[in-house]
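Below: one structure, written as structure tokens.
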Amino acid sequence: EADIYQTPRYLVIGTGKKITLECSQTMGHDKMYWYQQDPGMELHLIHYSYGVNSTEKGDLSSESTVSRIRTEHFPLTLESARPSHTSQYLCASSELRVRQETQYFGPGTRLLVL
Amino acid sequence: ILNVEQSPQSLHVQEGDSTNFTCSFPSSNFYALHWYRWETAKSPEALFVMTLNGDEKKKGRISATLNTKEGYSYLYIKGSQPEDSATYLCAFQSTADSWGKLQFGAGTQVVVTP
């Protein structure tokens, strides 16, 4: 089983609050990703990183921001949560040198903004 | 964003029956096709990475085939068991993306009833 962790698993929060979703992996992977998924829909890539101090926006525009100060840690922050941010957020990681990479996923965070 | 489609969206299978479902993807710029299994409340788990036209992969009772020329992959479950109940995701990897990002389908939800 892959060693990638996300906290919290579930979060209910009011509009306007600042939230940080945590993601950590112990596999030493350089590449990390954040996906957003609404029920019955595809996983959409919102952020990715290929190493420390590198972050890129994904294919789906998101108001969230990410940081990569340590290899193992890739937190996602929403400065002011809105109901439109209600979704499931999945973190993943993979090896940099393998292009046909298998991505290893965390269990996800289900976010509900009231 | 590339078009990756999975059908059907969901299916119900009796225990012991076999089933299959489809992933369609662009037939140009093919690099790899990934299959994942995602059980409720767990992390998506990699099943296969397929790269060659005509490829066939097998893991226990689950197998997959690949046709890159026409842009589809089938996933088969032989003798379905309740533990096969999950959402099965496919993801397309394009040569046009040097970073190797994955484009996911919306998944096929499989429910196996005893």
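So the sequences go chain by chain: A and B. Going left to right, the first sequence walks through residues 1 to 114 as the numbering used here numbers them. Going left to right, the second sequence walks through residues 1001 to 1114 as the numbering used here numbers them. Glycine is no exception: its CB is placed at the ideal position from the N, C-alpha and C atoms.
Query, Result
"9 angstroms Cβ cutoff met for S64 (chain A) and H44 (chain A)", "no"
"Residues near T1113 (chain B) by beta carbon distance below 8 angstroms, same chain, minus five either side", "H1012, V1013, Q1014, E1015 and P1082"
"Where the beta strand (DSSP E) through R97 (chain A) begins and ends", "Run containing R97 (chain A): none; DSSP gives neither H nor E here."
"Nearest neighbour of Y104 (chain A), chosen from B:L1047, B:A1106, B:D1097 and B:S1028 [CA to CA]", "B:L1047"
"Proximity test, Cβ basis, 9 angstroms: D59 (chain A) and chain B", "yes"
"Any C-beta of chain A under 9 angstroms from that of P1044 (chain B)", "yes"
"Reduced DSSP category for E22 (chain A) - H, G, I as helix; E, B as strand; rest coil", "strand"
"Cross-chain neighbours of A1106 (chain B) in chain A, by beta carbon under 7 angstroms", "G40, M41 and E42"
"Under 8 angstroms from the C-beta of E95 (chain A): neighbouring residues of chain B", "In chain order: nothing, as chain B lies at least about 11 angstroms away."
"Proximal residues of chain B, C-beta to C-beta of L45 (chain A) below 7 angstroms", "K1101"
"Residue from B:Q1009, B:Y1074, B:T1108 and B:L1102 with nearest C-alpha to Y1031 (chain B)", "B:L1102"
"Cβ-based contacts, 9 angstroms cut-off: residues of the segment 1013-1043 of chain B near chain A", "Y1031, A1032, H1034, Y1036, W1038, A1041, K1042 and S1043"
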